[in-house]
Amino acid sequence: MMLATPPVAVEKFSGAYESLVAGSSDVPEWLKAVRQQGWVTFSELGLPTKRRGNELWKYTNLQPLAAADFAYSIGGSVTVDQIKAAGPWDDVWNTVVVVDGKFSAELSNLHDTAGLDAGSLAEAISTGKGDIESQLASLAGREEYAFTALSTAFIEDGAYLAIADGTELEQPIQVVFVTSSDAESRASYPRLVVDAGANTSIVLIETYLNLSGTAQFAAPVSELFAGDKSTIRHYRVQMENETSFHLSTARVRQMGDTNFISTTFSVGASIARNDVHTLLDAPGASCTLHGLYMTSGSQQQDQEISTTHAKPGCTSNQFYKGILSGKSHAVFSGKVVVMRDAQKSDATQKDLNLLLSRGAEIDAKPSLEIYADDVTAAHGATAGHVDKDTLFYLQSRGVDEEAAKAILVRGFAEEMLNEFEPKALNDFVERITDERIPVLLQQSDTIGTA
Amino acid sequence: MLEINNLHASVVDIENSEILKGINLKVGRGEVHAIMGPNGSGKSTLANVLMGRPDYLVTDGDVTLEGESILELRPDQRAHLGMFLAFQYPAEIPGVRPWQFLKAALDSKAESRGEDKMSVRNFSKLFDEKVEAVGINPNLVKRSLNEGFSGGEKKRNEMLQLEVLQPALAILDETDSGLDVDALRIVAEGVNSMRSPERSFIVVTHYQRLLNYITPDVVHILVKGKIVKTGGPELALEVEKDGYQEYLEAAGANA
Chain A
1 MMLATPPVAV
11 EKFSGAYESL
21 VAGSSDVPEW
31 LKAVRQQGWV
41 TFSELGLPTK
51 RRGNELWKYT
61 NLQPLAAADF
71 AYSIGGSVTV
81 DQIKAAGPWD
91 DVWNTVVVVD
101 GKFSAELSNL
111 HDTAGLDAGS
121 LAEAISTGKG
131 DIESQLASLA
141 GREEYAFTAL
151 STAFIEDGAY
161 LAIADGTELE
171 QPIQVVFVTS
181 SDAESRASYP
191 RLVVDAGANT
201 SIVLIETYLN
211 LSGTAQFAAP
221 VSELFAGDKS
231 TIRHYRVQME
241 NETSFHLSTA
251 RVRQMGDTNF
261 ISTTFSVGAS
271 IARNDVHTLL
281 DAPGASCTLH
291 GLYMTSGSQQ
301 QDQEISTTHA
311 KPGCTSNQFY
321 KGILSGKSHA
331 VFSGKVVVMR
341 DAQKSDATQK
351 DLNLLLSRGA
361 EIDAKPSLEI
371 YADDVTAAHG
381 ATAGHVDKDT
391 LFYLQSRGVD
401 EEAAKAILVR
411 GFAEEMLNEF
421 EPKALNDFVE
431 RITDERIPVL
441 LQQSDTIGTA
Chain B
451 MLEINNLHAS
461 VVDIENSEIL
471 KGINLKVGRG
481 EVHAIMGPNG
491 SGKSTLANVL
501 MGRPDYLVTD
511 GDVTLEGESI
521 LELRPDQRAH
531 LGMFLAFQYP
541 AEIPGVRPWQ
551 FLKAALDSKA
561 ESRGEDKMSV
571 RNFSKLFDEK
581 VEAVGINPNL
591 VKRSLNEGFS
601 GGEKKRNEML
611 QLEVLQPALA
621 ILDETDSGLD
631 VDALRIVAEG
641 VNSMRSPERS
651 FIVVTHYQRL
661 LNYITPDVVH
671 ILVKGKIVKT
681 GGPELALEVE
691 KDGYQEYLEA
701 AGANA
């Protein structure tokens, strides 16, 4: 079928793509082909818009992104102190820093690397590390999705982590993707590839920071390969500035008896969309996808969470919580697909929201697509206001209304905050939450009236 | 200490919903008053109106504490003056720990009085002592406030708050409902241990059984929004024996 309208905003990116191709004579041929495939896909799709009747983008208005212009170049100058001030940090963690899409050896802190190969994706590509050629863009970039296609067209650098079979890393590995303060409005497409071998155990923190005061467009893509019997405790912290666009994608492929547990903390950006997909590709794989989002002003936040049960005996759990105020808008779109062969699957989905203002809006749509017959599944979504009886209870003990509201909002967030186990990370998300709550309450008009 | 004069109250936003129809009551310092009455008599409403629950609208009369009207005060301001309400149905508050909440309550009170906040260390010590005194499972108070607590545990938790906050006037709204005899005894012991010449109690109850353990100075019978009889502890025993029927009939005839 012919599209009624031409693909949106392709021309905004074509100049940068052509320059990249022209200046990349030294990259391997296979990468050139991967990029080109990404570009062809993107130029057919264009940026998704509401207008084209695309169900996946029904609730998220990308018009402000389509209307903006972004330059493209990787790398910028940032100091370690700036990163420490803006995000979570612990000297005992292994930390990989990527500035404006470019790996920085100088800012990275890699000290406890037995069994861990952590560093630049560009280097992994040029030296052909591990299975990089078959892994890169294999989970994200070959499907009909504009942002992974665009990111794939622009693959240059990012971070690469390989964990040798049997390695159990006690300390977390943090990958910081930071936008420098010197940046004009730029587009960046940082990539992360994690190749976790069999019987490995890691804690991985993906942190997105933005030091610039201008609108940035980031379409980061993470591809995680969880080898047999591996455990990945994954965290994701999204702290873009309030004028930026953050369209992120994470794709996880899980082998047998793996356990992938992920908790997202998403508070930044003007428009943020976190697209997460886990593929349970061998028996006994289990994934837990949790997250907390907070929105205020005219922010849009979209959690696009999906899991495919491809093989029997796998478990998935999706649970997100949202706190919305002002005229902000959030979407939770949870999807679980249980394939025909995936008997004995167990899937749960839940999205709970606290609406602090009349102008805030949540669209929560958990959905199940089940082709097998022996499946346990449950889903639910709620949106509520702060309960006035509860508020009265706190007030009757002498806590004033403002403090009581803050206690209740914080209480709502608590169970997600508790999931952030590494001390420095927990301290960070608690501090940011405590800073955000007064902002959310300032824009609140429903408390005590529900 | 507390004086209620001709108090009338309705449900907010509902016409012709008057529940309290002219309550008069004086509670002296150090006294324990029991308010008894059948279902729907307005006992709980009275307890909640005294604490300033926003669901009710006072349409006439006044309530004074130490001679000052409290009707214009917010619930937290009333608490700062030393009032306390033990709830019939304490709210479950996910993610909020009793420790944290009580510290906030005490801090807020200290702040309103221009006093120094209690140090975390001193508060922890006080809290642990009270947890032991009330007989709450210490693991329970590490969890979310009232979440997943049994009825008895919730009431014990109310007693814990009473002990920590040390109010001058404690109102117990049917604290005995849903309690087994052991839990009832613990609540009563909590109240009795806190009785002092400086502290007053209003114990709202449907049944007399709580009054086996807490001996009131004065008993009031509340029927259809009015106090129809006031007497000593023996009045509670009469009600236990004869029920509220005669009062209901009398109130019905007067209506």
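Here the protein sequences come in this chain order: A and B.
Those letters in the first sequence? Residues 1 to 450, by our numbering.
Those letters in the second sequence? Residues 451 to 705, by our numbering.
No residue lacks a Cβ here, since even glycine has one placed at the ideal position from N, Cα and C.
Nonlocal neighbours in the same chain, by C-beta distance under 6 Å from residue i, ignoring five residues either side
i: A633 (chain B); result: G602
i: E223 (chain A); result: L139, A140, V193, R251
i: S298 (chain A); result: K327
i: T449 (chain A); result: For T449 (chain A), the predicted model reports a pLDDT of 42, less than 50, meaning its position is unreliable; a value from the coordinates is still stated below. Here the set comprises nothing.
i: S230 (chain A); result: A196, T200, T258
i: P88 (chain A); result: A424, L425, F428
i: E168 (chain A); result: S201
i: S248 (chain A); result: P220, N274
i: I261 (chain A); result: R233, T288
i: A347 (chain A); result: S316, V336, A377
i: T509 (chain B); result: H458, S460
i: S151 (chain A); result: Y189, A219, V221
Proximity below 8 Å, CB of residue i to CB of residue j
i: S316 (chain A); j: S444 (chain A); result: no
i: L355 (chain A); j: G384 (chain A); result: yes
i: G511 (chain B); j: L457 (chain B); result: yes
i: A269 (chain A); j: H246 (chain A); result: yes
i: A377 (chain A); j: V336 (chain A); result: yes
i: S446 (chain B); j: V654 (chain B); result: Missing from the structure shown is residue 446 (chain B); chain B here goes from 451 to 705 and no further.
i: G15 (chain A); j: A153 (chain A); result: no
i: L289 (chain A); j: Q318 (chain A); result: yes
i: L556 (chain B); j: M533 (chain B); result: no
i: K580 (chain B); j: L610 (chain B); result: yes
i: K676 (chain B); j: L685 (chain B); result: no
i: F225 (chain A); j: R186 (chain A); result: no
For residue i, three-class secondary structure by DSSP
i: H656 (chain B); result: coil
i: E414 (chain A); result: helix
i: A9 (chain A); result: coil
i: R191 (chain A); result: strand
i: K32 (chain A); result: helix
i: S120 (chain A); result: strand
i: A494 (chain A); result: Outside the displayed range of chain A (1 to 450) lies residue 494 (chain A), so it cannot be described from this structure.
i: M1 (chain A); result: With a pLDDT of only 49 at M1 (chain A), under 50, the local geometry of the prediction cannot be trusted, and the value read off the model is given with reservation. Three-state result, M1 (chain A): coil.
i: P366 (chain A); result: strand
i: G23 (chain A); result: coil
i: S212 (chain A); result: coil
i: A378 (chain A); result: strand
i: S230 (chain A); result: coil
i: Y393 (chain A); result: helix
i: R251 (chain A); result: strand
i: V336 (chain A); result: strand
i: V178 (chain A); result: strand
i: E18 (chain A); result: helix
i: L590 (chain B); result: helix
i: V614 (chain B); result: helix
i: Q443 (chain A); result: coil
Contacts that residue i makes with chain A (C-beta to C-beta distance below 7 Å)
i: M501 (chain B); result: S396
i: A554 (chain B); result: V399, A403, I407
i: L535 (chain B); result: S396
Beta-carbon neighbours of residue i, restricted to chain A and to distances below 8 Å
i: F551 (chain B); result: L394, R397, V399, I407
i: K559 (chain B); result: G398
Under 8 Å by beta carbon: chain B residues contacting residue i
i: A413 (chain A); result: G545
i: D445 (chain A); result: Ordered by position in chain B, no residue passes the 8 Å Cβ test against D445 (chain A), which lies about 16 Å from the chain.
i: R436 (chain A); result: Under the 8 Å cutoff, chain B gives no residues; its nearest Cβ is about 15 Å from R436 (chain A).
i: R410 (chain A); result: G545, V546
Chain B contact residues for residue i, given Cβ-Cβ distances below 7 Å
i: D389 (chain A); result: A541
i: A383 (chain A); result: Per Cβ cutoff of 7 Å: no residues; A383 (chain A) is ~16 Å from chain B at best.
Any non-hydrogen atom of the ligand PLP closer than 7 Å to residue i Cβ
i: K493 (chain B); result: As presented, the structure is devoid of all ligands, the ligand PLP included, so that no description of it is given.
Neighbourhood of residue i by C-beta distance below 7 Å, restricted to the same chain and skipping five residues each side
i: V689 (chain B); result: M486, Q658, I671
i: L590 (chain B); result: F599, E603
Contact list for residue i against chain A, beta-carbon separation under 9 Å
i: D526 (chain B); result: L394, Q395, S396, R397, G398, V399, D400, E401, A403, A404
i: Q611 (chain B); result: R397
i: A529 (chain B); result: Q395, S396, R397, G398, V399
Beta-carbon proximity list for residue i, same chain, < 8 Å, skipping 5 on both sides
i: E78 (chain A); result: The identity of residue 78 (chain A) in the sequence shown is Val, whereas the question assumes Glu. Correct list, in chain order: V97, V99, S104, L107, V178, S180, S181, L211.
My parser needs the beta strand (DSSP E) runs of 3 or more residues fully inside the segment 625-702 of chain B; what are they? 650-655, 668-673, 676-681
4 or more residues per run - each alpha helix (DSSP H) lying fully within the segment 512-588 of chain B: 525-530, 548-562, 570-584
If we require 4 or more residues per run, which alpha helix (DSSP H) segments fall completely within the segment 89-158 of chain A? 121-127, 132-135, 146-153
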